[in-house]
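Undergrad:
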Amino acid sequence: MALLHDSRDIPALAGEARVEDYLALLKPRVMSLVVFTAFVGMLIAPGAINPVVAAIAIVCIAVGAGASGALNMWYDADIDAVMSRTMNRPIPAGRVSREEALVFGLVLAVFSVTLLGLAANWVAAAWLAFTIFFYVVIYTMWLKRLTPQNIVIGGAAGAFPPMIGWAAVTGTVTLESVVLFLIIFLWTPPHFWALALYKQGDYGAAGIPMMPNVAGETSTKRQILVYSIVLAASALAPSVLGFASVLYTTVALVTGASFILLAWRLLIAADGAPMRRTARQLFQYSLSYLFIVFFALLTDTVWMRMGGTF
Numbered sequence: 012m013a014l015l016h017d018s019r020d021i022p023a024l025a026g027e028a029r030v031e032d033y034l035a036l037l038k039p040r041v042m043s044l045v046v047f048t049a050f051v052g053m054l055i056a057p058g059a060i061n062p063v064v065a066a067i068a069i070v071c072i073a074v075g076a077g078a079s080g081a082l083n084m085w086y087d088a089d090i091d092a093v094m095s096r097t098m099n100r101p102i103p104a105g106r107v108s109r110e111e112a113l114v115f116g117l118v119l120a121v122f123s124v125t126l127l128g129l130a131a132n133w134v135a136a137a138w139l140a141f142t143i144f145f146y147v148v149i150y151t152m153w154l155k156r157l158t159p160q161n162i163v164i165g166g167a168a169g170a171f172p173p174m175i176g177w178a179a180v181t182g183t184v185t186l187e188s189v190v191l192f193l194i195i196f197l198w199t200p201p202h203f204w205a206l207a208l209y210k211q212g213d214y215g216a217a218g219i220p221m222m223p224n225v226a227g228e229t230s231t232k233r234q235i236l237v238y239s240i241v242l243a244a245s246a247l248a249p250s251v252l253g254f255a256s257v258l259y260t261t262v263a264l265v266t267g268a269s270f271i272l273l274a275w276r277l278l279i280a281a282d283g284a285p286m287r288r289t290a291r292q293l294f295q296y297s298l299s300y301l302f303i304v305f306f307a308l309l310t311d312t313v314w315m316r317m318g319g320t321f
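In the working numbering, the protein residues as written are 12 to 321.
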């Protein structure tokens with residue numbers, strides 16, 4: 012499908028770029044979730060880490076996430092220009108050139124990986140480097156425009172941060188950190204497909220093969236329900252494996268059941284405005300879900316380490 016115009020041909024207006032524009036390239040809202048899940052992975056990991064090293068590690072993970080965002084916007088400037096929710100980003104709006112975004116992203120990527128390796132350990136740094144590579148090359152450059160499974164496979168990039176935080180403390184990747192990865196990985200498809208259901212016109216105009224545009228709304232809603240059930244079950248893994256207690260288990264059960272209920276309501280929603288409204292509700296709830304689950308796991312871990320019982 013032809014794009015309305017190619018923002019690669021849009022030069023940045025001289026002198027227009029501001030600090031806010033470069034901050035926008037970092038995708039700060041996405042970064043906040045990355046930083047939070049990495050922070051939880053770091054705090055619940057066994058062992059101790061110097062507070063200064065921990066702070067540097069978190070900054071490096073945040074900067075690495077920002078580098079991924081900038082490189083994503085550099086490559087996707089053409090499709091960002093035709094989607095309503097992205098057309099005002101710095102590159103398609105002409106405030107930052109693609110070349111500036113590319114250099115900005117590469118510098119931040121090298122800086123974040125190198126500093127994390129020097130300050131914490133090279134296992135964590137290697138995982139951060141792989142995360143940036145996976146998001147930019149595997150997801151953005153390859154999968155995003157190729158297959159409706161783009162967000163399923165590409166979602167792994169957003170699921171690595173708690174493993175990086177864990178590795179910053181322990182220098183290893185263990186089953187517990189893989190469980191944290193799995194929760195985010197399984198959360199990603201229903202989260203983004205809910206968005207795609209009420210923004211499918213945008214994705215269609217940009218030629219991105221998101222699931223609703225390729226498989227249809229009904230199939231997408233069924234897959235959202237299936238993933239929601241599997242997600243709710245996977246969120247109980249910390250309890251099953253013994254590194255969470257009844258506090259976390261209760262929160263995981265309630266939030267998981269709510270996720271499944273919203274997915275069911277989406278499945279049976281009438282076409283048109285009711286479906287789009289329910290999809291938006293599920294998308295908004297999914298944002299809160301991940302924060303609640305990880306905060307509950309952090310609270311549970313801290314409480315148990317202080318000798319609390321339930």
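Heads up, the beta-carbon is just placed ideally off N, CA and C, and yes, glycines get one too. Keep in mind it's a predicted model, so treat the numbers as computed, not measured.
At which residue ranges does the region 252-317 contain complete alpha helix (DSSP H) runs of 4 or more residues, listed in the order of the chain?
TA: Fully enclosed alpha helix (DSSP H) runs of 4 or longer: 257-279, 284-316.
Undergrad: Tell me the DSSP secondary structure of THR125 in three-state form.
TA: If DSSP states are grouped into helix, strand and coil, THR125 belongs with the helices.
Undergrad: List, from N- to C-terminal side, the alpha helix (DSSP H) runs of 4 residues or more that fit wholly inside the region 115-164.
TA: Listed in chain order, the complete alpha helix (DSSP H) runs (minimum 4 residues) inside the region 115-164 are 133-144.
Undergrad: At the level of alpha carbons, what is the spacing between THR48 and THR151?
TA: Approximately 22 Å between the Cα atoms of the pair.
Undergrad: Indicate the three-state DSSP secondary structure (helix, strand or coil) for PHE171 in the structure shown.
TA: The answer is coil: DSSP assigns PHE171 none of H, G, I, E or B.
Undergrad: Return the CA-CA distance between LEU15 and SER230, expressed in angstroms with no decimal places.
TA: Low confidence applies to LEU15: its pLDDT is 38, below 50, so where it sits in the model is not reliable enough to give any reading.
Undergrad: Compute the beta-carbon to beta-carbon distance between LEU247 and THR260, rounded to the nearest angstrom, for a pair I have assumed lies under 8 Å.
TA: The Cβ separation is near 7 Å, so the contact holds.
Undergrad: Under the assumption that ALA167 contacts SER297 (Cβ atoms under 8 Å), give the Cβ distance between them as a whole number of angstroms.
TA: Not quite, the Cβ-Cβ distance comes to about 17 Å (not below 8 Å), so this is no contact.
Undergrad: Keeping to the same chain, check which residues put their C-beta closer than 6 Å to that of THR97; ignore five residues upstream and five downstream.
TA: Once the five neighbours on either side are set aside, the close Cβ partners of THR97 are ASP91.
Undergrad: Sort TRP177, VAL265, VAL30 by Cα distance to ARG106 and report the nearest one.
TA: Per the Cα distances, VAL30.
Undergrad: Just to confirm, is the Cβ distance from THR199 to GLY169 under 8 Å?
TA: Going by C-beta atoms, THR199 is nearer than 8 Å to GLY169.
Undergrad: Looking at the unbroken alpha helix (DSSP H) that takes in ARG40, where does it start and where does it end?
TA: Taken as a continuous stretch (DSSP letters only), the alpha helix (DSSP H) holding ARG40 covers 39-55.
Undergrad: How many Å lie between ILE143 and TRP275 at the Cα?
TA: Approximately 34 Å between the Cα atoms of the pair.
Undergrad: List the endpoints of the continuous alpha helix (DSSP H) containing SER230.
TA: Taken as a continuous stretch (DSSP letters only), the alpha helix (DSSP H) holding SER230 covers 228-245.
Undergrad: For ALA68 and ALA131, which I take to be in contact (beta-carbon distance under 8 Å), what is that distance rounded to the nearest angstrom?
TA: Correct: roughly 5 Å between the Cβ atoms.
Undergrad: When DSSP labels each residue in this structure, what does MET222 get in the three-state scheme?
TA: Three-state result, MET222: helix.
Undergrad: Taking the alpha carbon of ALA73 as the reference point, which residue from ALA140, LYS210, ILE194, PHE254 has its own alpha carbon closest?
TA: For ALA73, the nearest C-alpha among the options comes from ALA140.
Undergrad: Are the beta-carbon atoms of PRO328 and ASP213 separated by less than 8 Å?
TA: The question about residue 328 has no answer here: the residues shown for the chain are numbered 12 through 321.
Undergrad: Nearest by alpha-carbon distance to ALA59: which of ASN83, ARG287, GLY182, ALA217 is it?
TA: Ranking the options by Cα distance to ALA59, first place goes to GLY182.
Undergrad: By alpha-carbon positions, which one of PRO173, MET286, ALA65 ends up nearest to GLU187?
TA: GLU187 has its Cα closest to that of PRO173, out of PRO173, MET286, ALA65.
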